[in-house]
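All you need for this note's numbering is the position in the sequence shown, starting with 1, plus 248. C-beta: ideal position from N, C-alpha, C; glycine also. Since we're looking at a predicted model, the values are computed, not measured. The structure appears right after this line, and notes come after that.
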Amino acid sequence: MNSWNATSASSKLPMSQGDYKNVAEILAWQAEAQPQKVAVRYQGTSYSYGRIYATSLDIVSALFRVGVVSADKVGIIFPNHPDFIAAFFAVSSLGGTVVPINPLLKAEEIKHILSDSQAKVLIVHESTAGEVADAVENLPNLEHVFVLTYGEKGGYTAVELSEKAAARVKMTQLCMSYVSESAGCSSFFGKIAKVDPEVDLAVLVYTSGTTGKPKGAMLTHKNLLGAVTAAHAAFPVNSEDRLLGALPLCHIYGLTVVMLGTMHKGGSLALIEKFDVVPALKTIEEERVTVLPAVPTMYQYMIMHLEKQTFDLSSLRLCLAGGAPLSKTVFDSLSRFVKAPLVEGYGLTEVSCVATLNPVDGINVHGSVGPAIPTVCIGIFDKNGTELPPGIENVGEIAIKGPNVMRGYYGAPEKSAEVLKDGWFFTGDLGYLDENKYLWIVGRAKELIIRGGQNIYPREVESVIAKMKGVVDVAVIGVPEPIMGERVKAVVVLDKDAEVSEEQVKEFCQKRLADYKVPRVVEFIDKMPRNSTGKILKSQLVQK
249 MNSWNATSAS SKLPMSQGDY KNVAEILAWQ AEAQPQKVAV RYQGTSYSYG
299 RIYATSLDIV SALFRVGVVS ADKVGIIFPN HPDFIAAFFA VSSLGGTVVP
349 INPLLKAEEI KHILSDSQAK VLIVHESTAG EVADAVENLP NLEHVFVLTY
399 GEKGGYTAVE LSEKAAARVK MTQLCMSYVS ESAGCSSFFG KIAKVDPEVD
449 LAVLVYTSGT TGKPKGAMLT HKNLLGAVTA AHAAFPVNSE DRLLGALPLC
499 HIYGLTVVML GTMHKGGSLA LIEKFDVVPA LKTIEEERVT VLPAVPTMYQ
549 YMIMHLEKQT FDLSSLRLCL AGGAPLSKTV FDSLSRFVKA PLVEGYGLTE
599 VSCVATLNPV DGINVHGSVG PAIPTVCIGI FDKNGTELPP GIENVGEIAI
649 KGPNVMRGYY GAPEKSAEVL KDGWFFTGDL GYLDENKYLW IVGRAKELII
699 RGGQNIYPRE VESVIAKMKG VVDVAVIGVP EPIMGERVKA VVVLDKDAEV
749 SEEQVKEFCQ KRLADYKVPR VVEFIDKMPR NSTGKILKSQ LVQK
């Protein structure tokens, strides 16, 4: 790993996009090739590639001054905003590793990610600083927090944050109203740290299984660049396209497909801070969005609203669905309002987002998530580790191989070894390949709950509820729900003398978990069903 300095940074960009080694070259290349081209439209303002690059270089300068070098972890807690993009590329330019953190998370959840990732620096939007203040104490690796402010009422300044946190961590305020408008004025112009794309980490994205706390998926520069290139081969995006940026950029779908995918091709993003159905539909209409990446829940909300109000969506040429199963009802209903094809794919954080996708110009088979995208292989394995041939009768665990597969989980070699075997990533999902090599998913070996495209991990919620006084046993399950896909249900056993209400359980969780993880239903029972080895029989709870 090289430090960022005059000898390890290059001022010469690749001759072609196929020669990229560092993901930061995506923005730098476009800023040099077409600096005036609109990269992002956000709240009525246009942000050119040159402007975002200039902002990125200002952040590079700030990070460099506090000693950020190659391989340092830098957390970013931001809603969807042009400066999330600038901050991401700034960290990459220095050879650092971005740790994107969901702004919906609560202090305890943020603290775990910062601690586990050993983040040295944190960049936060002023609106998220309240939770950050409660999260940054007693983190030995965290040295500096940058608070990006915009003069908006209700945000925290660095001084206010320091007072609230009462921590040893140094806080610096960056007023983003006064950043440079010209990238050429920066001494860092065109300089990007040299990296080993197969080894050096571009991002550390936190995901989780059904056991334990969230784990950091180590994704290299090669992983991300390979994923973007393969995705473009499956669904071509060009410089004239404008994608809707409603998915969270801190999630792998938004980061890879929406942000990196768009900018790699020199297209434009119509970015909204967070998904809300009316602003999303208005943005598609007013900005003439051509490509719509979304999760099924977003499509369902759009359909419900389109039943009552008309929007001009004729600019759309392609709709992408992922993150959760796409129902036939949504698939069929959308075609009444949108003439563009809706194609469904499958992927995970650990494989840099996309692994399979129904063909845009080929046979789109609803119910299947399509064949593997270019450079990626899909395998189906039985319990003995034997690869199964195609056929509906050959259901097994889905495994993925390709340049998009993560290096492993950060600081967790044993957990990495459980899922990475002979180059394959074993997903824990069950499915089969048909005779045309289309993948069909039949269930989840893991107990993952998916609500509105957001992953919820039962063990995490269970561990919070178990801390309540009077709770002796708890199980968290997903219950089908028409719009959101699933809702979180907690089944709780109380001590015989305890008096705990459903509202008390919800309030306890709301203080410690992101809102989408909080149980919508709490049921109290006398005894938890278990098998002979003591494992909770969640299937019985689901059937109740």
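Since I believe lysine 354 is in contact with leucine 761 (beta carbons under 8 Å), could you give me their beta-carbon distance rounded to a whole number of angstroms? What you label residue 761 is simply residue 513 of the sequence shown in a count that begins at 1. What you label residue 354 is simply residue 106 of the sequence shown in a count that begins at 1. Contact holds; Cβ gap of about 6 Å.
When the Cα of glycine 679 is compared with those of Lys649, Asp630, Gly701, which residue comes out closest? As a first step, residue 679 is located in the sequence shown; it is residue number 431 there, counting from the start. Looking at the Cα atoms, Asp630 is the closest of the given residues.
For isoleucine 648, which option in Arg313, Phe674, Pro351 has the closest C-alpha, if you only look at C-alpha atoms? As a working note, residue 648 is residue 400 in the sequence shown. Comparing Cα positions, the closest option is Phe674.
DSSP state of threonine 634 mapped onto helix, strand, coil: Counting from 1 along the sequence shown, the entry for residue 634 is found at position 386. Correct three-state label for threonine 634: coil.
Using a 10 Å radius around the Cβ and a threshold of 16 neighbouring Cβ atoms, would you call cysteine 498 buried or exposed? By 1-based counting over the sequence shown, the position of residue 498 is 250. The residue in question, cysteine 498, is buried, as its Cβ has 16 or more Cβ neighbours within 10 Å.
If contacts are defined as beta-carbon pairs under 8 Å, then valine 537 and leucine 452 qualify, I think. What distance do you get, rounded to the angstrom? As a working note, residue 537 is residue 289 in the sequence shown. As a working note, residue 452 is residue 204 in the sequence shown. Between leucine 452 and valine 537 the Cβ distance is about 31 Å, and since that is not below 8 Å, they are no contact.
Who does asparagine 703 pair with in a DSSP beta bridge? Looking up residue 703 in the sequence shown gives position 455. Its beta-bridge partners are Ile698.
Start-end ranges of the beta strand (DSSP E) lying completely within the segment 545-588, minimum 3 residues: As far as the segment 545-588 is concerned, its whole beta strand (DSSP E) runs of at least 3 residues are 566-569.
Let me check one thing: in DSSP terms, what residues is phenylalanine 756 bridge-paired to? What you label residue 756 is simply residue 508 of the sequence shown in a count that begins at 1. Paired residue(s): none; phenylalanine 756 is not in a bridge.
From this set, Gly502, Met776, Lys439, which residue's C-alpha is nearest leucine 540's C-alpha? Translated into the one-based positions of the sequence shown, residue 540 becomes position 292. That would be Gly502, whose Cα lies nearest to the Cα of leucine 540.
Who are the Cβ neighbours of serine 341 in its own chain at under 6 Å, not counting the five residues just before and after it? For the purposes of this step, residue 341 is taken as residue 93 along the sequence shown, with counting starting at 1. Around serine 341: Ala272, Val308, Ile440.
List the whole-angstrom C-beta distance separating alanine 478 from proline 622, where the pair is believed to meet the contact cut-off of C-beta under 8 Å. Numbered from 1 along the sequence shown, position 230 holds the residue referred to as residue 478. Numbered from 1 along the sequence shown, position 374 holds the residue referred to as residue 622. Confirmed, Cβ separation roughly 5 Å.
Are the beta-carbon atoms belonging to aspartate 448 and glycine 315 less than 8 Å from one another? Within the sequence shown, numbered from 1, the residue matching residue 448 stands at position 200. Within the sequence shown, numbered from 1, the residue matching residue 315 stands at position 67. No, the Cβ-Cβ distance between aspartate 448 and glycine 315 is not below 8 Å.
Consult DSSP for glutamate 391 and reduce its assignment to one of helix, strand or coil. By 1-based counting over the sequence shown, the position of residue 391 is 143. Residue state, collapsed to three classes: coil.
Nearest by alpha-carbon distance to glutamate 535: which of Asp267, Val790, Ser294 is it? Walking along the sequence shown from the start, residue 535 turns up at place 287. Checked all of Asp267, Val790, Ser294; the closest Cα to glutamate 535 is Ser294.
In three-state DSSP terms, what is proline 777? Along the sequence shown, one-based indexing puts residue 777 at 529. Reduced to three states, the DSSP call for proline 777 is coil.
At which residues does the beta strand (DSSP E) containing phenylalanine 336 begin and terminate? Here residue 336 is taken as the residue at index 88 of the sequence shown, counted from 1. Looking at the DSSP string, phenylalanine 336 is not in any beta strand (DSSP E); the run it does join, the alpha helix (DSSP H), is 330-341.
Would you call the CB atoms of serine 220 and leucine 472 closer than 8 Å? Residue 220 is absent from the structure shown; the chain starts at 249 and stops at 792.
Measure the C-alpha to C-alpha separation of methionine 419 and valine 393 and round it to an integer number of angstroms. Here residue 419 refers to the residue found at position 171 of the sequence shown. Here residue 393 refers to the residue found at position 145 of the sequence shown. Taking the straight line from one Cα to the other gives about 5 Å.
Is the distance from the Cβ of leucine 636 to the Cβ of isoleucine 646 below 8 Å? Taking the sequence shown and counting its residues from 1, the one referred to as residue 636 is at position 388. Taking the sequence shown and counting its residues from 1, the one referred to as residue 646 is at position 398. No.
Segment contact, 8 Å Cβ cut-off, at least three pairs: the segment 704-711 with the segment 739-754: no
Return the bridge partner residues of serine 516 from the DSSP annotation. Working through the sequence shown from its first residue, we reach residue 516 at position 268. Beta-bridge pairing links serine 516 to Arg490.
Tell me the residue span of the alpha helix (DSSP H) that contains serine 309. The residue given as residue 309 occupies position 61 in the sequence shown. It spans 297-313 - the alpha helix (DSSP H) in which serine 309 sits, taken as one unbroken run.
DSSP-derived helix/strand/coil call for glutamate 734: By 1-based counting over the sequence shown, the position of residue 734 is 486. Looking at glutamate 734 - three-state DSSP - the assignment turns out to be strand.
For arginine 313, is the classification buried or exposed, using 16 other Cβ atoms within 10 angstroms of its Cβ as the cut-off for buried? By one-based count along the sequence shown, residue 313 stands at place 65. That one is exposed.
Do you know how far the Cα of isoleucine 697 is from the Cα of proline 767? For the purposes of this step, residue 767 is taken as residue 519 along the sequence shown, with counting starting at 1. For the purposes of this step, residue 697 is taken as residue 449 along the sequence shown, with counting starting at 1. Cα to Cα, proline 767 sits roughly 11 Å from isoleucine 697.
List the endpoints of the continuous alpha helix (DSSP H) containing alanine 377. Within the sequence shown, residue 377 is the residue found at index 129, counting from 1. Unbroken alpha helix (DSSP H) run through alanine 377: 377-381.
Would you identify the three-state DSSP class for histidine 373, choosing helix, strand or coil? Within the sequence shown, numbered from 1, the residue matching residue 373 stands at position 125. Residue state, collapsed to three classes: strand.
Tell me the DSSP secondary structure of lysine 321 in three-state form. Position 73 of the sequence shown, counted from the first residue, corresponds to residue 321. Three-state result, lysine 321: strand.
Pull up the DSSP beta-bridge partners for glutamine 421, would you. The residue given as residue 421 occupies position 173 in the sequence shown. Bridge partners of glutamine 421: Val395.
Can the beta-carbon of glycine 700 be found closer than 8 Å to that of methionine 654? Within the sequence shown, residue 700 is the residue found at index 452, counting from 1. Within the sequence shown, residue 654 is the residue found at index 406, counting from 1. Going by C-beta atoms, glycine 700 is not nearer than 8 Å to methionine 654.
What whole-angstrom Cβ distance do valine 613 and tyrosine 686 have, given they're in contact under 8 Å? Position 365 of the sequence shown, counted from the first residue, corresponds to residue 613. Position 438 of the sequence shown, counted from the first residue, corresponds to residue 686. That pair is a contact at about 6 Å.
According to DSSP, simplified to helix, strand and coil, what is aspartate 364? Numbered from its first residue, the sequence shown carries residue 364 at position 116. The answer is helix: DSSP assigns aspartate 364 an H, G or I state.
Tell me whether glycine 627 counts as near the ligand FMN, meaning its Cβ is closer than 7 Å to at least one heavy atom of that ligand. The ligand FMN is not among the ligands present in this structure, which contains no ligands whatsoever.
Which residues in the same chain as glutamate 683 place their Cβ atom closer than 6 Å to its Cβ, once the five residues preceding and following it in sequence are excluded? Along the sequence shown, read from residue 1 onward, the residue named residue 683 stands at position 435. Cβ within range, chain order: Pro638.
Near isoleucine 274, what residues of its chain come up, given a Cβ to Cβ distance below 6 Å and the 5 sequence neighbours on each side ignored? Looking up residue 274 in the sequence shown gives position 26. The residues are Met511, His512.
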